[in-house]
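First to last, the protein sequences are chains A and B. Oh and the first sequence: position 41 is 40 in numbering that gives the first Met the number 0, straight run, nothing missing. Oh and the second sequence: position 3 is 2 in numbering that gives the first Met the number 0, straight run, nothing missing. Take a look at the structure set out below.
There are 2 protein chains.
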Amino acid sequence: MGLGMANSILKAGHTAHGFDINAPQMAQFNALSGSSGDLDDIAPRLDIAMIVVLNAAQTKSVLLGPQGIIPRMRKGSVIIGCATVSPDFAREMAEEATAYGIHYLDAPISGGSIKAASGELSIMASGRPEAFVAAKSALTATAQKVFELGDQVGAGSAMKAVNQLLAGVHIATMAEAMTFGMTQGVSPQQFMEVIPSCAGSSWMLENRGPHIVSGDYTPHSSINIWPKDLGIVLDIAKSADFSAPITSAALQQFLTAAEAGLGQEDDAAVAKVYAQAAGLNLPKGAES
Amino acid sequence: MGLGMANSILKAGHTAHGFDINAPQMAQFNALSGSSGDLDDIAPRLDIAMIVVLNAAQTKSVLLGPQGIIPRMRKGSVIIGCATVSPDFAREMAEEATAYGIHYLDAPISGGSIKAASGELSIMASGRPEAFVAAKSALTATAQKVFELGDQVGAGSAMKAVNQLLAGVHIATMAEAMTFGMTQGVSPQQFMEVIPSCAGSSWMLENRGPHIVSGDYTPHSSINIWPKDLGIVLDIAKSADFSAPITSAALQQFLTAAEAGLGQEDDAAVAKVYAQAAGLNLPKGAES
Numbered sequence: 000m001g002l003g004m005a006n007s008i009l010k011a012g013h014t015a016h017g018f019d020i021n022a023p024q025m026a027q028f029n030a031l032s033g034s035s036g037d038l039d040d041i042a043p044r045l046d047i048a049m050i051v052v053l054n055a056a057q058t059k060s061v062l063l064g065p066q067g068i069i070p071r072m073r074k075g076s077v078i079i080g081c082a083t084v085s086p087d088f089a090r091e092m093a094e095e096a097t098a099y100g101i102h103y104l105d106a107p108i109s110g111g112s113i114k115a116a117s118g119e120l121s122i123m124a125s126g127r128p129e130a131f132v133a134a135k136s137a138l139t140a141t142a143q144k145v146f147e148l149g150d151q152v153g154a155g156s157a158m159k160a161v162n163q164l165l166a167g168v169h170i171a172t173m174a175e176a177m178t179f180g181m182t183q184g185v186s187p188q189q190f191m192e193v194i195p196s197c198a199g200s201s202w203m204l205e206n207r208g209p210h211i212v213s214g215d216y217t218p219h220s221s222i223n224i225w226p227k228d229l230g231i232v233l234d235i236a237k238s239a240d241f242s243a244p245i246t247s248a249a250l251q252q253f254l255t256a257a258e259a260g261l262g263q264e265d266d267a268a269v270a271k272v273y274a275q276a277a278g279l280n281l282p283k284g285a286e287s
Numbered sequence: 000m001g002l003g004m005a006n007s008i009l010k011a012g013h014t015a016h017g018f019d020i021n022a023p024q025m026a027q028f029n030a031l032s033g034s035s036g037d038l039d040d041i042a043p044r045l046d047i048a049m050i051v052v053l054n055a056a057q058t059k060s061v062l063l064g065p066q067g068i069i070p071r072m073r074k075g076s077v078i079i080g081c082a083t084v085s086p087d088f089a090r091e092m093a094e095e096a097t098a099y100g101i102h103y104l105d106a107p108i109s110g111g112s113i114k115a116a117s118g119e120l121s122i123m124a125s126g127r128p129e130a131f132v133a134a135k136s137a138l139t140a141t142a143q144k145v146f147e148l149g150d151q152v153g154a155g156s157a158m159k160a161v162n163q164l165l166a167g168v169h170i171a172t173m174a175e176a177m178t179f180g181m182t183q184g185v186s187p188q189q190f191m192e193v194i195p196s197c198a199g200s201s202w203m204l205e206n207r208g209p210h211i212v213s214g215d216y217t218p219h220s221s222i223n224i225w226p227k228d229l230g231i232v233l234d235i236a237k238s239a240d241f242s243a244p245i246t247s248a249a250l251q252q253f254l255t256a257a258e259a260g261l262g263q264e265d266d267a268a269v270a271k272v273y274a275q276a277a278g279l280n281l282p283k284g285a286e287s
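Below, the structure is given as structure tokens:
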């Protein structure tokens, strides 16, 4: 998603510098931008740093690790934290940035890699008005919709956690319903012909269901996202003494998928857990 | 829903006779139609009987009980079975009807009481072509969309079970996510402002979420529907050796709601189970 977002920023006419430990992604970025460089040189000149990594640990490493950018960025610049993290962690990072005179926007992203590349993400953002002002050009270049969730860092991450709870449960429920239907003679294709017009539909069902029908598990968003994101949801829930039994049941299905070696496949592959348990044959892809 | 459907049939210019053990519903129907009468006189003259009751036991009583209509209807007439039942039960009723030369359409309905009254239901129908032909005027009058799911009775009920699995889980998941958000400072109103535009949305979330925001639990579809319908889903699943852990988790929340005395409230009241457990205050309605 970071590569797509950097591309959107370049297309909007801004200068962008990319940093990724993944060499092929860096090669693609350099081919797009013609720009590379050394972080020590570049960090003090940045207006905006968008941190598009997997989780809190990676965010902390980028911001405060041995090569961390918070101590190197100039006063009045802004850090946009895009990973899915707990509200408490977002507040912690904002305090660290503030101590250096750097603004912090709590701004988790939603929409997947295709929308990242087309500049059509949804961003759930919270932070002080100055942080929104400083971040504006990057938000405009990458997002179709920015939800402004107030001046308290943490609100963006809270809303993202709520969205991930729903999105993860809906994917696993789609898989449960589709394979349940197969036991009763409803084919995945019939399922997708009927259910999107009915009260049982969801955004995720309409988006991921076709992957199962076509047997194409090319990962737009992988199974491995969900043990992480639903794990964050349940960590937050536990801290709040909140019981989330449906989320727990969905997490278990994604964990079973990851343990079965499906972690790098598209998250619709959670259907394989159900099919395996019930002895059902899912549709095969063109290449199978 | 039966009253609304009968009204739609009258509005389409057909004659309709209504039978309900609920006296106020019968009074409303008689005020609309001016028509009542004795089942013994009417059954032999019917072209179509639509059976809009709660479950398999009620369907069986109407069709084959002491006052059952199957032995009284004429050859070539059609029975339209609209309750949510198992595919096996639908096949059993079709066999009974066929033995008397009566067509049977397996035709569960979806959409709720408001769409029933406006003739805009979705109907998931399967049965022999002759059954569809015989049922056509009633389907046209009551449904916006008829999904024709083939000539095997049981397919309609199977698709309905799939839809109910999804719809029930999505209602309970909406409640889980909304109350989880409240523990993190996301109000139900903010939730409904943001999530419907995000990947976490579902048809049920958009439909039922506003009931919680407004604190209005007037039952368009009641809590009590779900122990029944998710129970049917899990009974079918068990017969097929299919494990449906997310459905089981959602059912448990509806059962807890029913045990707490919320059975007659709108199904969005499953949020009260979460709020009660977590010590949260849901929005109050105007009358509270």
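Even glycine gets a Cβ: it sits at the ideal position worked out from N, Cα and C.
Nearest-angstrom Cα separation, counted from residue j out to residue i
i        : j        : result
A:SER287 : A:ASP265 : Note on A:SER287: pLDDT 46, under 50, position unreliable in the model; the coordinate value appears next. For A:SER287 and A:ASP265, the distance between alpha carbons rounds to 16 Å.
B:ILE170 : B:ALA243 : 17 Å
A:ILE78  : B:MET177 : 29 Å
B:SER201 : A:TRP202 : 6 Å
A:LYS237 : B:ILE108 : 40 Å
B:ASP37  : B:ALA259 : 40 Å
B:ARG207 : B:VAL168 : 13 Å
A:ALA248 : A:ALA133 : 41 Å
B:HIS102 : B:SER186 : 52 Å
A:ALA26  : A:ASP19  : 10 Å
B:ALA257 : B:ALA276 : 15 Å
B:VAL182 : A:ASP240 : Val is not the amino acid found at residue 182 of chain B; the sequence shown has Thr there. So the alpha carbons of these two residues sit roughly 9 Å apart.
B:ILE211 : B:THR217 : 11 Å
A:VAL272 : B:ILE68  : 45 Å
B:PHE131 : B:GLU95  : 18 Å
B:ASP40  : B:LYS144 : 33 Å
A:ASN54  : B:LEU138 : 52 Å
B:PRO128 : A:GLY184 : 19 Å
A:SER60  : A:GLN251 : 29 Å
B:SER76  : B:GLY64  : 19 Å
B:ALA268 : A:ILE235 : 24 Å
B:SER136 : B:PHE253 : 37 Å
Neighbouring residues, chain B, relative to residue i (Cβ below 7 Å)
i        : result
A:PHE253 : Going along chain B, no residue has its Cβ under 7 Å from A:PHE253, so there is no contact; the nearest lies around 11 Å.
A:GLY184 : ALA154 and ALA157
A:ASN162 : ILE194, CYS197, ALA198 and GLY199
A:ILE235 : GLN183
Close Cβ partners of residue i (< 6 Å) along its chain, the five nearest in sequence each way excluded
i        : result
A:GLY1   : VAL51
B:GLN24  : LEU2
A:SER7   : GLY118, ALA140 and THR141
A:LEU204 : MET173
A:ALA42  : ILE68, ARG71 and MET72
8 Å Cβ cut-off: residues of chain A touching residue i
i        : result
B:TRP202 : CYS197, ALA198, GLY199, SER200 and SER201
heavy atom of the ligand NAP below 6 Å from residue i C-beta
i       : result
B:LYS10 : Because no ligand of any kind appears in the structure shown, any question about the ligand NAP cannot be addressed here.
Other residues of its chain near residue i: CB distance less than 7 Å, five sequence neighbours each side excluded
i        : result
B:PRO209 : MET191
B:SER221 : GLY262, GLN263, GLU264, ASP265 and ASP266
B:LYS114 : LEU120
B:ARG90  : VAL152 and GLY153
B:GLN188 : VAL212
A:ILE224 : ASP266
Close beta carbons around residue i, own chain, < 8 Å, minus the five adjacent residues each side
i       : result
A:LEU9  : ALA15, LEU31 and SER32
B:THR58 : ILE50, VAL52, GLY80, ALA82, VAL84, PHE88 and MET92
Whole-Å CB distance - residue i paired with residue j, under 8 Å assumed
i        : j        : result
A:MET72  : A:LEU45  : 6 Å
A:SER196 : A:PRO282 : Going by Cβ atoms, the distance from A:SER196 to A:PRO282 rounds to 21 Å, so no, they are not a contact pair.
A:LEU229 : A:GLN163 : 7 Å
A:THR172 : B:LEU279 : Going by Cβ atoms, the distance from A:THR172 to B:LEU279 rounds to 24 Å, so no, they are not a contact pair.
A:ILE231 : A:ALA124 : No, A:ILE231 and A:ALA124 are not in contact; Cβ-Cβ is about 18 Å, not under 8 Å.
A:ALA270 : A:ALA174 : 4 Å
A:SER112 : A:HIS219 : 6 Å
A:GLY17  : A:PHE28  : 4 Å
Chain A residues whose Cβ lies nearer than 7 Å to that of residue i
i        : result
B:THR299 : The question about residue 299 of chain B has no answer here: the residues shown for chain B are numbered 0 through 287.
Contact set between residue i and chain B, taken where Cβ atoms lie within less than 9 Å
i        : result
A:GLY180 : ALA157, MET158, ALA160, VAL161 and LEU164
A:MET49  : Near A:MET49 there are no residues of chain B at all, since even the closest Cβ is about 20 Å away, more than 9 Å.
A:THR58  : Residues of chain B passing the Cβ test: none, with the nearest at roughly 18 Å.
A:ASP105 : Within chain B, no residue comes near A:ASP105; the closest Cβ sits about 12 Å away, beyond 9 Å.
Residues that residue i contacts on chain A, provided the C-beta gap is smaller than 9 Å
i        : result
B:PRO86  : GLN183 and GLY184
B:THR14  : Neighbours of B:THR14 on chain A: none; closest Cβ ~31 Å, over 9 Å.
B:THR141 : Neighbours of B:THR141 on chain A: none; closest Cβ ~16 Å, over 9 Å.
Do three or more CB pairs link the region 142 to 158 of chain A to the region 78 to 94 of chain A at distances below 8 Å? At 8 Å Cβ cutoff, the stretches touch.
Is it a yes or a no for the region 144 to 154 of chain A touching the region 242 to 256 of chain A, going by three-plus beta-carbon pairs under 8 Å? no
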